[in-house]
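Step one of this worksheet: look at the structure below.
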Amino acid sequence: MFFSSKKVLGLDIGSNTIKAAEIEVKGKSVTLTGFAMGLTPPECLSAGDIIDPENLGMAVRSVLDELNSKRKLVSVGLWGTSIIIKKISVPAMDENLLAEQIKWEAEQYIPFDINEVNLEYKVLKGVSRNQETMELLLVAARQESVMRYAEVVLHAGYECEILDVGGFALANAFEANYGVLSGQVVAVFNVGASVTNFIVIENGELVFCRDVPVGGATYSMELQKSLGISLAEAEAMKLSIGRGEPAPEEAQGALNATHEILQEELSGAVEFFMNTNQSANIVQAYVTGGASKTQGMIQALQQGLKIPCDAFDPFFNVKYSQRAFSDSYIREIRNYAAVAIGLGLRQGGDHD
Ligand SMILES: Nc1ncnc2c1ncn2[C@@H]1O[C@H](COP(=O)(O)OP(=O)(O)OP(=O)(O)O)[C@@H](O)[C@H]1O
Ligand SMILES: [Mg+2]
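In our numbering, each number is its position in the sequence shown, counted from 1, plus 290.
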């Protein structure tokens, strides 16, 4: 099994950037051996749904070509509104029976035609609360959008070996770095350009996943509005503030106001999680994503959410090839790389 496993490249297609990672796993040691990143062409993606597979495929090709790996198989992450991830309780039953019953159990939770979705589930062994029921994490993806992701990879000249869910990839990247925190409930916030992914990991298992529609683009739009500048100028100003360069006073006000919007959206999502998961109390949150570098964000989230927040370090335990990367490059990609690393950890034939 070990020798027949196929090696894949992790591919994280965001609305702003495309990230690709090559990971080498040897026993317990995980090493990043390749990484590349490029901009997503505008209007190719909306809320994780692919609108223009051909153009997006070309952009993916140039990122993967830059990676210059021998591998031709890809593990791609799905996000967005065509995926439903939901924890459900079903009567305790034999795993074979469950495999037959799942479609009927799932139907009531899925807003799409059950015959047009790819259905997967995972029994959450670590979090069952009694003997009569079992907890499952249900994952349903619309076949149409699954096909579109595969189509993008084909346009790029590669083959899609694994379609993973972004939330699982983030949880895998977490485990590769911080291990299984037994008995603990932790959150990860991945602050991207258009959305922030919020996941909860309990006892090493992903138990909750939700996106809130706030991210780096919201910061740029607020700067644009309050300073009366173009979106491109606002984006450039945001990055220059991040480098510690001086900026008008209103700019800081706009950033603070956006921190508040983000924090309020995340508070709502955290509250929803708490209300639907009786015992769970998030003890620590880890923050990542391109936009998590925005000045003051992590402190603002910590204060507003009343949860200790820290930057997620995808290189806490994952090593990187010193030959391939300088320390300054690693600093640059540190907050972009988590999902691509999580995807790159998967091996062909591994469908857990
Ligand atoms: N130094 C910085 N300070 C503030 N924001 C930054 C900085 N560097 C990058 N960003 C922002 O990070 C965002 C891109 O992050 P990321 O690549 O994680 O998003 P994405 O995955 O493409 O988006 P999404 O997941 O929402 O589709 C952009 O909005 C960009 O402006
Ligand atoms: Mg993203």
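We put the CB at the ideal spot given by N, CA and C, even for glycine.
Out of the options, point me to the one whose CA is closest to residue i's CA.
{"i": "Cys547", "options": "Glu622, Val315, Lys515 and Gly370", "result": "It should be noted that the sequence gives Ala, not Cys, for residue 547. Nearest option by C-alpha distance: Lys515."}
{"i": "Tyr399", "options": "Leu414, Val429, Gly482 and Lys309", "result": "Val429"}
{"i": "Glu333", "options": "Tyr448, Leu471 and Ala349", "result": "Ala349"}
{"i": "Ala337", "options": "Ala459, Leu556, Pro503 and Phe563", "result": "Pro503"}
{"i": "Thr371", "options": "Ala431, Arg361 and Gln421", "result": "Ala431"}
{"i": "Lys393", "options": "Ile404, Ile375, Gly632 and Gln574", "result": "Ile404"}
{"i": "Gln261", "options": "Glu312, Ala477, Thr307 and Gly304", "result": "Residue 261 is absent from the model: the chain starts at 291 and stops at 642."}
{"i": "Met511", "options": "Leu409, Trp369 and His549", "result": "His549"}
{"i": "Ile572", "options": "Ile374, Ala396, Lys309 and Val497", "result": "Val497"}
{"i": "Pro401", "options": "Val481, Ile373, Pro331 and Gly304", "result": "Ile373"}
{"i": "Val476", "options": "Asn493, Asn462, Ala628 and Arg533", "result": "Asn493"}
{"i": "Asn358", "options": "Ala326, Ile341 and Asp339", "result": "Ala326"}
{"i": "Gly506", "options": "Leu517, Ile489, Leu529 and Val490", "result": "Leu529"}
Within 10 angstroms of the Cβ of residue i, are there 16 or more other Cβ atoms? Answer buried if so, exposed if not.
{"i": "Glu406", "result": "exposed"}
{"i": "His619", "result": "The sequence shown places Tyr at residue 619, not His. It counts as exposed."}
{"i": "Asp642", "result": "Because the pLDDT of Asp642 is 45, which lies under 50, any placement of that residue in the model is unreliable, and the number read from its coordinates should be weighed accordingly. Exposed, because fewer than 16 other Cβ atoms sit within 10 Å of the Cβ of Asp642."}
{"i": "Phe562", "result": "exposed"}
{"i": "Leu299", "result": "buried"}
{"i": "Val560", "result": "buried"}
{"i": "Pro536", "result": "exposed"}
{"i": "Gln585", "result": "buried"}
{"i": "Gln421", "result": "exposed"}
{"i": "Thr486", "result": "buried"}
{"i": "Gln593", "result": "exposed"}
{"i": "Gly473", "result": "exposed"}
{"i": "Leu635", "result": "buried"}
{"i": "Thr330", "result": "buried"}
{"i": "Pro343", "result": "buried"}
{"i": "Asn565", "result": "exposed"}
{"i": "Lys360", "result": "exposed"}
{"i": "Gln542", "result": "exposed"}
{"i": "Leu387", "result": "exposed"}
field: Sequence-ordered residues whose beta carbon comes within less than 5 angstroms of a heavy atom of ligand 2
entry: Each of Gly304 and Gly482 has a C-beta closer than 5 angstroms to some heavy atom of ligand 2; these make up the full list, in chain order.
message: Does the structure place the region 601-619 close enough to the region 322-340 that three or more beta carbon pairs sit under 8 angstroms?
response: With the cut-off at 8 angstroms, the region 322-340 and the region 601-619 touch.
field: At least 3 beta-carbon pairs within less than 8 angstroms: the region 616-625 vs the region 442-459
entry: By the C-beta criterion, the region 616-625 is judged not to be in contact with the region 442-459, since fewer than 3 inter-stretch pairs fall below 8 angstroms.
- request: Just list the alpha helix (DSSP H) runs in the region 502-589, keeping only unbroken ones of 4 residues or longer that don't cross its boundaries, in chain order.
  value: 506-517, 521-532 and 539-566, all fully within the region 502-589.
message: Going residue by residue through the region 390-440, where are the continuous beta strand (DSSP E) segments of at least 3 residues, counting only ones entirely within it?
response: Counting only runs of 3 or more residues that sit fully inside the region 390-440, the beta strand (DSSP E) segments are 407-413 and 423-432, in chain order.
message: Would you call the region 463-471 in contact with the region 436-451, where contact means no fewer than 3 C-beta pairs closer than 8 angstroms?
response: As far as the Cβ criterion goes, the region 463-471 does not touch the region 436-451, which means the pair count is below three.
message: Using 8 angstroms as the cut-off, can you tell me whether the region 439-448 makes contact with the region 379-387, which would need three or more C-beta pairs spanning the two stretches below that distance?
response: Counting C-beta pairs with one atom in each stretch, the region 439-448 and the region 379-387 have fewer than three that are closer than 8 angstroms, which means they do not touch.
query: What are the start and end residues of each continuous alpha helix (DSSP H) run of 4 or more residues lying completely inside the region 580-634, in chain order?
result: As far as the region 580-634 is concerned, its whole alpha helix (DSSP H) runs of at least 4 residues are 587-595, 617-623 and 628-634.
Secondary structure, beta strand (DSSP E): runs of 3+ residues fully inside the region 314-374: Runs of the beta strand (DSSP E) inside the region 314-374: 319-329 and 363-368.
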